[in-house]
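Colleague: Protein chains in written order, with this note's numbering: chain F, 9 to 347; chain H, 9 to 347; chain E, 9 to 347; chain V, 9 to 347; chain P, 9 to 347; chain G, 9 to 347. Here it is, the structure in full.
Protein chains: 6
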Amino acid sequence: MNQSHPLMLLSEMEPGQFADSFVLLVSRERATTRDGKPYFRVQFRDHALTATAMVWSDTPWFEDCEAKWAEGEFYKVRARYAESKYGPQLDIDRIRPVNADDTADGFDPGLYYSRSRFASEDMFAELTGIAREQITEIPLQKLVLEILAQYEDQIKTIAAASKNHHAFTGGYLEHVLSVTKTACFLADKYLGYYQQMQPALNKSLVIAGAILHDIGKLTELEYRPHGSRYTPAGRLIGHILLGRDLVREHAARIEDLNPETLLRLEHMIVSHQNLPEWGSPIAPHTPEALLVHYADDIDAKFHMMATTLENILPGNEDEFSGRDNALRRSIFLGLKSTE
Amino acid sequence: MNQSHPLMLLSEMEPGQFADSFVLLVSRERATTRDGKPYFRVQFRDHALTATAMVWSDTPWFEDCEAKWAEGEFYKVRARYAESKYGPQLDIDRIRPVNADDTADGFDPGLYYSRSRFASEDMFAELTGIAREQITEIPLQKLVLEILAQYEDQIKTIAAASKNHHAFTGGYLEHVLSVTKTACFLADKYLGYYQQMQPALNKSLVIAGAILHDIGKLTELEYRPHGSRYTPAGRLIGHILLGRDLVREHAARIEDLNPETLLRLEHMIVSHQNLPEWGSPIAPHTPEALLVHYADDIDAKFHMMATTLENILPGNEDEFSGRDNALRRSIFLGLKSTE
Amino acid sequence: MNQSHPLMLLSEMEPGQFADSFVLLVSRERATTRDGKPYFRVQFRDHALTATAMVWSDTPWFEDCEAKWAEGEFYKVRARYAESKYGPQLDIDRIRPVNADDTADGFDPGLYYSRSRFASEDMFAELTGIAREQITEIPLQKLVLEILAQYEDQIKTIAAASKNHHAFTGGYLEHVLSVTKTACFLADKYLGYYQQMQPALNKSLVIAGAILHDIGKLTELEYRPHGSRYTPAGRLIGHILLGRDLVREHAARIEDLNPETLLRLEHMIVSHQNLPEWGSPIAPHTPEALLVHYADDIDAKFHMMATTLENILPGNEDEFSGRDNALRRSIFLGLKSTE
Amino acid sequence: MNQSHPLMLLSEMEPGQFADSFVLLVSRERATTRDGKPYFRVQFRDHALTATAMVWSDTPWFEDCEAKWAEGEFYKVRARYAESKYGPQLDIDRIRPVNADDTADGFDPGLYYSRSRFASEDMFAELTGIAREQITEIPLQKLVLEILAQYEDQIKTIAAASKNHHAFTGGYLEHVLSVTKTACFLADKYLGYYQQMQPALNKSLVIAGAILHDIGKLTELEYRPHGSRYTPAGRLIGHILLGRDLVREHAARIEDLNPETLLRLEHMIVSHQNLPEWGSPIAPHTPEALLVHYADDIDAKFHMMATTLENILPGNEDEFSGRDNALRRSIFLGLKSTE
Amino acid sequence: MNQSHPLMLLSEMEPGQFADSFVLLVSRERATTRDGKPYFRVQFRDHALTATAMVWSDTPWFEDCEAKWAEGEFYKVRARYAESKYGPQLDIDRIRPVNADDTADGFDPGLYYSRSRFASEDMFAELTGIAREQITEIPLQKLVLEILAQYEDQIKTIAAASKNHHAFTGGYLEHVLSVTKTACFLADKYLGYYQQMQPALNKSLVIAGAILHDIGKLTELEYRPHGSRYTPAGRLIGHILLGRDLVREHAARIEDLNPETLLRLEHMIVSHQNLPEWGSPIAPHTPEALLVHYADDIDAKFHMMATTLENILPGNEDEFSGRDNALRRSIFLGLKSTE
Amino acid sequence: MNQSHPLMLLSEMEPGQFADSFVLLVSRERATTRDGKPYFRVQFRDHALTATAMVWSDTPWFEDCEAKWAEGEFYKVRARYAESKYGPQLDIDRIRPVNADDTADGFDPGLYYSRSRFASEDMFAELTGIAREQITEIPLQKLVLEILAQYEDQIKTIAAASKNHHAFTGGYLEHVLSVTKTACFLADKYLGYYQQMQPALNKSLVIAGAILHDIGKLTELEYRPHGSRYTPAGRLIGHILLGRDLVREHAARIEDLNPETLLRLEHMIVSHQNLPEWGSPIAPHTPEALLVHYADDIDAKFHMMATTLENILPGNEDEFSGRDNALRRSIFLGLKSTE
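Right under this line is the structure:
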């Protein structure tokens, strides 16, 4: 391997390869060796791969690491890539913060932070509009609009998950808006079909449930642009219960909210994952809850399949994707022309 | 209990009760007693309950039973109702065919045959229209339209199942049209969202798959206005495989049909029930198959819940339905006013 | 069968048998026949069997049924017993309220209402004492004692379930006290064993969790001396979530309660049924939660087995009980002497 | 490590080891680096291990790789062996095609291609003989013989699977013949036992089903001497459905084939894997289908266990095999002599 | 219904029917009414149905019932048949023991006791012959022959189960012999195929395992000609463990039995039901155990299917059997001629 | 990396790191290369990690390895650590047996052998005391005491498992004593509660069952101070059956032991793992067996959670443990102070 080092994506390095790369620092933990010397365990990533580097106290960059390096910042690193039982490793040879000139070499922070393809402002306005126009039960509308207003910033920003689906900035809102639109379509359609239901299908509830079904994500996950992570309450209680808490707290302040409406809304949140093994202690026992479950489920699953197909590399000639996607399934790409 | 016999619905009779009732004959089987005498085992039903009556050779109506009674005809019967390990029983005291005067007493054949609330003509026209306008891949459109045209009469008539959901005349078409509309909505929506997919979402395929996903029902079930039943091929092979056969046979005659299109269409039929334990040997491996699965699943499940709520008796004061519905679940009806 | 009618327990009557019996009225529903006449569907039971009787408008006791009969009252009935698809039936021949003389014939209301073998006063005092002495984290102790004090009457009275285990008056308290004692024993023992745990096992939390684990039963079930039943919130939300609500509401008023203590307490309630399919959305993730789960589980299961063995009829000669108990299992009774 | 490089099997190399090896090229994919240079990802294997090598554009063998290297050919390679997240890797130092002299050094292509221990000619003749003699229902015999004749070459060659069992040249035929013999034995035996069955056990069907049960493998798998792989139709439709297609196509040309015979034969193919989770949408509903399922299942499972025991290395002193076999189970080898 | 009562099979009586019948008394339990009078609960059956009769102390046959009636004896009864929550009931009008004249009326005790279609003497001789000829490891042969000799009478007599399969006199031996023959066939076949196995397939062990796999049935079940029942040890320990006990006890007396042979034999018994949920704590870990499991499983399942087809009533016109067989599956009977 | 090599724990080495370490030799297997040269595959470990080293015939320490190295002895090794598909590897540079001076450098054999925190003598005396005082059924007491006496040395020494829980010297006795104490507490408590059980809860049996429930571990596992391993009988038969054997053998010598007592004791051993998938062929069918199951289960599961919390490294700042514990679950450690 010669003098000039190739500039590569971290995620494209082969084990043993020695190259330059732009990386994002995502965690930095201090520890101590057996003989009392401090060191750091630092994680770097690009959009697709995370690798760990050990920063020993006798390396030239130890002091910078201790004093200046921070989560969420970018570095240019020259390192050898390796695999281990702890996962991917980087053996650092040189490292410095990214600077203005790096853009010329192709550095693009946008590569590292994925975010929704839709503008949060637009999505939020559309969602609020739906709530205002389609929720005709006024106290319920008020409840939904107050929650949207109070958490507007978070709602516009957070991801829908730490991985699996819509795990990017704005992903929560993208998912919620999409679920709400599908729920709206289904409610309109089935209102027309089944006019003898006692009680009638309540479209206001369907919309409210769709908008609020995942509201517990606000406290289940701690949003960070470089990757969301679970909060302790998120792990010990779960977003379904946390979301119902939030709705109940706000509902207590809406004077004329019908108790049955609130009970039905809580039930929609509690049951939206349908089965105990998927996280819902109780299955949908109302038609509104059933619709929200499906609108949610299809949006999550379709996102998993669609992003798999959006990430097929150009020039790929396989007939199927790999199985390393959220569906754990090979997706069909098409017949080869020669067959 | 006095001399004049009440005129009741079969399904409202209590064990031991003796009453008159209008009933539909649904099966009649000849058998022989140990000492060689012939008898008939006859099943009668109304819209909600089926009961069996034994017609022994020494009864006055044995000859009529042998010579004239037929499946699908109506009778007025005076009988005692009982329960047994063979299920509900009728001990006949008198019986005669329904006649013109019975209408005055409230006899209404419509009660016994349930059918779609929508006109088959209208639904078929709408479905054909969707195929013509939305399937833009011409050979595929041709395939769908030919199948619709060839089986028009059956498609307009048959039920979607022998029980569970849409189990009534026209139910198949009602279900297929509803699935197609949902699939259409989802395809349009996700085409807009995921524009980088390779290959792009194929709306023509989604529509074709939605229209044809259950086409095997044509041979899996033998339609009879008084209740569909499984054919031997339906039980031994199943509608998923039978439907794919039908599509392949017709496809063989469409000259310019792309082999990959056909493979994808077959896969949609094969995978539309999603999981092996639900009947699909293979899960959806294409985005089009995923959409059709969900559009189908939600329509079936919502129908189960909606019909439960449409059949709550007037005056009912319970807060939940019973569990004797296709979802095996108590559906919430609402809080009692006094609570 | 002769003139004098035997006086029997309802649950010992054979189908077709005609006898006198003391019964408890547990429900009374008004309905209307097809031709517009009112009738009542009334349920009677003894300690072991519930049967339904139809009260038609032309019976002598119809007026009394309409005007005077009430749930929770006792009647002496002469009736024929029968089985049907609706379950056990009573065909009433005569009926009157129980009167003072019936005691001489062996009528004992205690037979119909089962209740804990322990005095509620004593159990409540013992439970409160444990909370006061063993919960050494003062704000937590305060929380527990306030909840106990506020709901004292209900806690002393309600059953632990509508069936399955401890389904009798005082059963909730009997179960909670037993769980708390076992949890206390386990906490003491394992505190001694595992002294290096970081953080140490928190006995205060174990006791608090044991006392409060089922507190949601207060709102999940509507207690009635003749049988508890689920409330709508009980069915749509479930006692796990309802119990956590109650604890959180009270905790909000305890000023110095450590947020981590509250989080751990909530987690104990949420996880006490261990597995999603048993009702807990999240499994125990703390040692305290693990202990409460086991203390609860063993008390419920042992109660099921013990009551099966307490209800073996005298003179029984079988080697195993039947399977009609909450464990769905034949319990071994012992070898026959002759074997 | 000294100058003379050891000649080793690829599958016996330790990570970090540098050695010479004869390897089979099994795949070669072209790709492009970030800065636009082409490279190849090439897979080599011996009988037990597959490793990947990267061929960069600045290596001396790049041109040969591009112009001359081909799947299915042999090479002598000097390389360092390594492990990575992508699996085993080869870092090539030198490489050339195998030549005539290599045989003297122990190169044996037979090592790389495993094949049935039985001659395909003999097996095919035996299978055809059984069909001719034991299928006495003539149109059915004709159907079977025509299929055997038409696909003779493929049947004699292909493997039964890409891995799991009989995954070698001729493996399909070896498996089918073995299944047929067992099915024949069972049919004869149970024909003798159960003479009152209505209808009687149909031995012709059992034989036909055994011979054709896996016929879909012809299109599910693409046979290659260096390893079979799934076709798109294999993945999206599956061999059960593909096999039934093939039988139906041929059956359509047999004029006097009884429709019930065909239906039963189709059912045998459809149900031969017994359970939905094993791939059969429908379980065996005929005695013939039941026998074929078992004859197939035992042959596959016994093959897995037998080959584990055939591949125990000489000198092995363990009492159990490892678990890295198709049964995922440690097979007992025997007690150590010293115990 | 007229004066002369029909003579019917108990199992063919409809609820409410009043008829004469020959029945077998299978159990008689004494009990006491609330007011202290003794009565008996007696069970009668024919080959297909068991019904209960109550014998009250004021009936003419009470004294006979107390003093003379015995399990296993036959009676002619005139009674009304009914259904109840306790199952089928007989309301006795007259009853007397069967006498010599009843044969003329068609009484045949053979109808009530089903037994193997093969002579026990012949089967036992054949099984012993196989053991003698095919088990070439002499101490193992000795073990098997001694067990066969010691329990010869029981082996020739008992049923293989209380229901499910081979639940008739001689059924155990019929099943064991059939399993042994299949195991023998498979051992011979695979010995020929897999000659490189280390260690080689041990046919002696296969035969011994097949003969002894179910030997625990001797103590798990108490054989009675009118129906086997589980012993307490059978329920609390199970036939797998009891069978291994029996083999170990005998093996302790065979001096030169190889300890590994005994270990392998025990493992075959322990693992012959393959999966924990089918009763085997450990799955087959030797090729011999695998063969015995399959030989056993197929014989049991084929028996279930075959007896369903042997019991189709003459004149039946259905295309499928009912599901009330041991496989819980409708078996295909054939297409109707008119289809 | 400089001249002086760090002295590290094997389990703290990063891939590629070169360091000195004290290690325990746990296995040594001789093998032969393709060209006939002998080599050894040697496994070394510390308390947390096991790594493999290859000893080739041309290394200076080959002779020592062949002649002197032994399992269970300690070595000081200078080596490079690496990861491979075979797991962790050591590339040895120098190696020598540990000597007296190494203690000064911190070598502590105690680190490598974990053992119970309680003295075996004390635990054994306590267990024997419980048996003597609490088992009041004398022949049963005799049985238990004889077994304890006969296997005293093994009982004091062995581990309860090869991994999972109590997998250290003395672990078996620590676990059994703890289970016995819990069982004792539960028996006392429920004896007081359920005084009407027929038969009464038998405390002697509960104690005996608790002491003997795992007695089969004596033969299931081969104890070695450096790690227990399964015996062939342990794998092929399992500790549940082996433990029952041992009890039955001893019971045969206790003259006046009640057969029912023995049957109940055997059942407790057989059922103590509760479910087939956990290893018990039969679930608890007696109250004594139920208590022993729970006392055992909670002790095992609490041990898993407690040791996870005992092994959190000092200075750890995470809110949850990892999932690499026997419960496969992240255990909550506490909120971070800053939150």
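For each residue, glycine too, the CB sits at the ideal point set by N, CA and C.
(1) Please report the straight-line C-alpha distance between Glu274(H) and Leu250(V), rounded to a whole angstrom.
(2) Residues of the segment 311-343 of chain E in Cβ contact with chain P at a cutoff of 8 Å, in chain order, please.
(3) Span of the alpha helix (DSSP H) holding Thr269(H)?
(4) Counting only C-beta atoms, is Thr239(E) closer than 8 Å to chain G at any point?
(5) Looking only at its chain, what residues have a beta carbon closer than 8 Å to the beta carbon of Leu341(E), apart from the 5 residues adjacent to it on each side?
(6) Residues of the segment 48-80 of chain H with a CB closer than 7 Å to any CB of chain P: list them in chain order, please.
(7) Give me, in chain order, the residues of the same chain whose beta-carbon lies closer than 7 Å to that of Lys45(G); leave out the 5 immediate sequence neighbours on both sides.
(8) Hey, is the segment 207-222 of chain H in contact with the segment 240-257 of chain H, meaning 3+ C-beta pairs nearer than 8 Å?
(9) What residues in the segment 255-289 of chain E have a beta carbon less than 7 Å from any beta carbon of chain F?
(10) Quick one: which chain C residues come within Cβ less than 9 Å of Pro117(H)?
(11) Residues of chain V with CB closer than 9 Å to the CB of His293(H), please, in chain order.
(12) On the CB-based measure, 16 or more other CB atoms within 10 Å of its CB, does Arg53(F) come out buried or exposed?
(13) Take Gly179(V) as the anchor and find which of His13(V), Glu141(V), Ser128(V) has the nearest alpha-carbon.
(14) Can you name, in chain order, every residue of its own chain whose Cβ lies under 8 Å from the Cβ of Ala27(E), other than the five neighbours on each side?
(15) Taking a cut of 9 Å between CB atoms, which residues from the segment 109-141 of chain H lie near chain F?
(16) For Arg53(G), does the three-state DSSP call read helix, strand or coil?
(17) Tell me, please, whether the CB atom of Met9(F) is closer than 8 Å to any CB atom in chain G?
(18) With DSSP as the reference, label Pro292(H) as helix, strand or coil.
(19) Could you give the DSSP three-state label for Glu347(G): helix, strand or coil?
(20) Give the straight-line distance between the Cα atoms of Arg49(V) and Arg38(F), rounded to the nearest whole angstrom.
(21) Counting pairs of beta carbons, one from the segment 289-307 of chain G and one from the segment 232-245 of chain P, are three or more of them closer than 8 Å?
(22) Check for me: the alpha helix (DSSP H) holding Val187(E) runs from which residue to which?
(23) Would you list the residues sitting across from Trp64(F) in a DSSP beta bridge?
(24) Identify whether Ile143(P) lies in helix, strand or coil by the three-state DSSP scheme.
(25) Can a CB atom of chain E be found closer than 8 Å to the CB of Phe193(G)?
(26) What distance in whole Å lies between the Cβ atoms of Gln97(V) and Thr60(V), which are believed to be in contact at a cut-off of 8 Å?
Modeller: According to the structure data:
(1) As a working mapping, residue 274(H) is identified with position 266 in the second sequence. As a working mapping, residue 250(V) is identified with position 242 in the fourth sequence. If you take the alpha carbons of Glu274(H) and Leu250(V), they lie about 11 Å apart.
(2) Gly323, Glu325, Glu327, Phe328, Ser338, Phe340, Leu343
(3) Here residue 269(H) is taken as the residue at index 261 of the second sequence, counted from 1. Its alpha helix (DSSP H) spans residues 267-279.
(4) Translated into the one-based positions of the third sequence, residue 239(E) becomes position 231. Closer than 8 Å: no.
(5) Within the third sequence, numbered from 1, the residue matching residue 341(E) stands at position 333. Closer than 8 Å at Cβ, skipping near neighbours: Leu317, Ile320, Asn324, Asp326, Glu327, Phe328, Ser329.
(6) Met62
(7) Against the sixth sequence, residue 45(G) aligns to sequence position 37. Contacts found: Ser65.
(8) yes
(9) Leu271, Glu274, His275, Val278, Pro284, Glu285, Gly287, Pro289
(10) Protein chains F, H, E, V, P and G are contained in the structure displayed, whereas chain C is not.
(11) Taking the second sequence and counting its residues from 1, one reaches residue 293(H) at position 285. Near His293(H) (Cβ distances below 9 Å), the residues of chain V are Arg243, Leu244.
(12) Sequence index remark: in the first sequence, residue 53(F) carries index 45 (1-based). Classification of Arg53(F): buried, given that the 10 Å Cβ count is 16 or more.
(13) As a first step, residue 179(V) must be located in the fourth sequence, where it is residue number 171. Considering only alpha carbons, the answer is Ser128(V).
(14) Numbered from 1 along the third sequence, position 19 holds the residue referred to as residue 27(E). Same-chain partners within the cutoff: His13, Pro14, Leu15, Met16, Met21, Arg86, Ala87, Tyr89.
(15) Arg125, Phe126
(16) The count along the sixth sequence starts at 1 and reaches residue 53(G) at position 45. Looking at Arg53(G) - three-state DSSP - the assignment turns out to be strand.
(17) Here residue 9(F) refers to the residue found at position 1 when the first sequence is read from its first residue. Confidence is the limiting factor: at Met9(F) the pLDDT is only 32, short of 50, which leaves the residue's position unreliable, though a coordinate-based value still follows. With 8 Å as the cut-off, Met9(F) does not count as an interface residue toward chain G.
(18) On the second sequence, position 284 is the one that residue 292(H) refers to. Three-state DSSP puts Pro292(H) in coil, outside helix and strand.
(19) In the sixth sequence, residue 347(G) corresponds to position 339, counting from 1. Residue confidence is low: Glu347(G) scores 42 on pLDDT, short of 50, so the model does not pin down where it sits. Its coordinate-derived value is still stated next. Coil.
(20) Here residue 49(V) refers to the residue found at position 41 when the fourth sequence is read from its first residue. Here residue 38(F) refers to the residue found at position 30 when the first sequence is read from its first residue. Those two C-alpha atoms are separated by around 39 Å.
(21) yes
(22) The residue given as residue 187(E) occupies position 179 in the third sequence. Val187(E) -> alpha helix (DSSP H) spans 179-201.
(23) As a working note, residue 64(F) is residue 56 in the first sequence. Answer is Tyr47(F).
(24) In the fifth sequence, the residue the question calls residue 143(P) occupies position 135. Residue state, collapsed to three classes: coil.
(25) On the sixth sequence, position 185 is the one that residue 193(G) refers to. Yes, because at least one Cβ of chain E sits closer than 8 Å to the Cβ of Phe193(G).
(26) The residue given as residue 60(V) occupies position 52 in the fourth sequence. The residue given as residue 97(V) occupies position 89 in the fourth sequence. Yes, they are in contact, since the Cβ atoms of Thr60(V) and Gln97(V) sit about 6 Å apart, within 8 Å.
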